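Chemist: Starting off with a structure, shown below.
Residue numbers (the working numbering): -10 to 81.
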């Protein structure tokens, strides 16, 4: 029983160490971030995604983001068929 607690504690310490190491890695350079991101989903998400998108494009100028507020169902279908990289939903 005592060995089991030691193994759990060691596992937790290892997990914490790996997590901290991942947090300490340097961020990607802005010039290395390129590409396009397409999303489709709920009209409710349009304003927050628009604000985030504007700020993102100012920082990462070699990227483009597009959001189509066509509805959650349309977004899920687009995500499933590869027409969008993410779908914003209005329900959990």
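The C-beta atom is built at its ideal place from N, Cα and C for all residues, glycine as well. Given the structure is predicted, the values throughout are model-derived calculations rather than measurements.
With a floor of 3 residues, list each beta strand (DSSP E) that falls wholly inside the segment 14 to 60, ordered by position along the chain.
Modeler: Whole beta strand (DSSP E) segments, 3+ residues: 24 to 30, 52 to 57.
Chemist: Using DSSP's beta-bridge definition, name the partner residues of residue 75.
Modeler: Taking the chain shown and counting its residues from 1, one reaches residue 75 at position 86. Residue 75 is bridged to 28.
Chemist: When DSSP labels each residue in this structure, what does residue 66 get in the three-state scheme?
Modeler: By 1-based counting over the chain shown, the position of residue 66 is 77. In the structure shown, residue 66 sits in a helix (DSSP, three-state: H, G or I).
Chemist: Below 8 Å between beta carbons: does that hold for residue 27 and residue 69?
Modeler: Within the chain shown, the letter at position 38 stands for residue 27. Within the chain shown, the letter at position 80 stands for residue 69. No, Cβ-Cβ distance for residue 27 and residue 69 is not below 8 Å.
Chemist: Can you have a look at residue 25 and say buried or exposed, based on whether 16 or more other CB atoms are within 10 angstroms of its CB?
Modeler: Counted from its first residue, the chain shown places residue 25 at position 36. It counts as exposed.
Chemist: Here's a check: name, in chain order, each residue in its chain whose Cβ is nearer than 7 Å to the Cβ of residue 67, leaving out the five neighbours to either side.
Modeler: In the chain shown, the residue the question calls residue 67 occupies position 78. So the qualifying residues of the chain are 29, 73, 76.
Chemist: Suppose you measure from the CA of residue 31 to the CA of residue 46; what does that come to, to the nearest Å?
Modeler: Along the chain shown, read from residue 1 onward, the residue named residue 31 stands at position 42. Along the chain shown, read from residue 1 onward, the residue named residue 46 stands at position 57. Residue 31 and residue 46: Cα-Cα distance of roughly 21 Å.
Chemist: Determine the direct distance from the alpha carbon of residue 41 to that of residue 63, and round the result to whole angstroms.
Modeler: Along the chain shown, one-based indexing puts residue 63 at 74. Along the chain shown, one-based indexing puts residue 41 at 52. Approximately 21 Å, taken between the alpha carbons.
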